[in-house]
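Below is one structure, written out as structure tokens, with a few remarks after it.
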Amino acid sequence: MLEMTATGKSKGQWVFYRNFDDTVDYLSDQPRILAFNPFCRKVESLDQDDAYRWHFRVTDPQNNPFDVIFNIQQESEILVDLPDEVASMDPEEMSDEMIRQFTVGRKITWRPLPASKTFAMPEKYLFEGKVSAEMLIAPMQPERTRVDFDLRVNVKFLLYPAFRIVPEKVVRTMVSTGMTVIMQTATNHMFQKISKDFGKIRKL
24 MLEMTATGKS KGQWVFYRNF DDTVDYLSDQ PRILAFNPFC RKVESLDQDD
74 AYRWHFRVTD PQNNPFDVIF NIQQESEILV DLPDEVASMD PEEMSDEMIR
124 QFTVGRKITW RPLPASKTFA MPEKYLFEGK VSAEMLIAPM QPERTRVDFD
174 LRVNVKFLLY PAFRIVPEKV VRTMVSTGMT VIMQTATNHM FQKISKDFGK
224 IRKL
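Here the sequence shown is numbered in our numbering, starting from 24 and rising by one per residue.
Take a look at the structure:
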């Protein structure tokens, strides 16, 4: 069984013309925003808080489709800038109002789902990938929010029976082409579509 790994990266900075809370809520909705990714067929919620399975389909230059599965854990972290007089406080003792007062941003992280929390895989899929991503969301003005997006995709390709008849050179070409297409087009396309659904967005 042939095995290979491909890696792709994508970065971008955008200004959302909406307030901070609305922007955080919107970008936390993983199924909604990934619906605008041209390669994402479905986002499946798993039986665990903020755990998801992405079903992606891409095609090679000859328009032959292949499917990739991603198991993702989403985490959200409040970023605060505390003055010296409260910096030593136990976070559990801070009131919601204090946290709101000193919040300077939010970080949404996508990580590969830990191996200890695996779920049954679909019967028919060809490849499995891993995604690591961070969205740093920070208020700029009352109706302006900055979003820094940093994405890294690793896909380990295992040849399942359906692909054993395909020459290795052809498969490697598919891997390279597929990853290039995904990384060059998917992120920008997704944010362009988000701008039509959520409101004005400007790329920095």
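C-beta: ideal position from N, C-alpha, C; glycine also.
A quick note: this is a predicted structure, and the numbers were derived from the prediction, not measured.
For S159, the first and last residue of its enclosing beta strand (DSSP E): In the sequence as displayed, the identity of residue 159 is Leu instead of Ser. Note, L159: beta strand (DSSP E), 150-164.
Local conformation of E108 per DSSP, three classes: coil
Nearest neighbour of P106, chosen from D119, N177, Q124 [CA to CA]: Q124
Short Cβ contact (8 angstroms threshold) for M37 with F150: The residue asked about is misnamed: residue 37 is Trp in this sequence, not Met. The answer is no: Cβ separation not under 8 angstroms.
Whole runs of the beta strand (DSSP E) within the segment 33-83, excluding any shorter than 3 residues: 63-68, 74-82
C-alpha gap between M206 and S33, whole angstroms: 6 angstroms
Residues near L50 in its chain [Cβ-Cβ closer than 8 angstroms; skip 5 each side]: I56, I131, M158, I160, V170
Identity of the residue in P165, S118, E67 nearest D52 by Cα: E67
Helix, strand or coil at S118 [DSSP, three-state]: coil
Supposed contact pair P61 and T210 - C-beta distance, whole angstroms, cut 8 angstroms: About 11 angstroms separates the two Cβ atoms, so there is no contact after all.
Among K219, Y40, V178, the one whose alpha carbon lies nearest that of D90: V178
Residues near D220 by beta carbon distance below 6 angstroms, same chain, minus five either side: none
Limits of the beta strand (DSSP E) - the one that P88 falls within: 88-103
In DSSP terms, what V176 is bridged to: G31, V154
Own chain, CB closer than 8 angstroms to P137, minus 5 neighbours either side, in chain order: Q96
Pair within 8 angstroms by beta-carbon distance, V176 and G31: yes
For D113, three-class secondary structure by DSSP: coil
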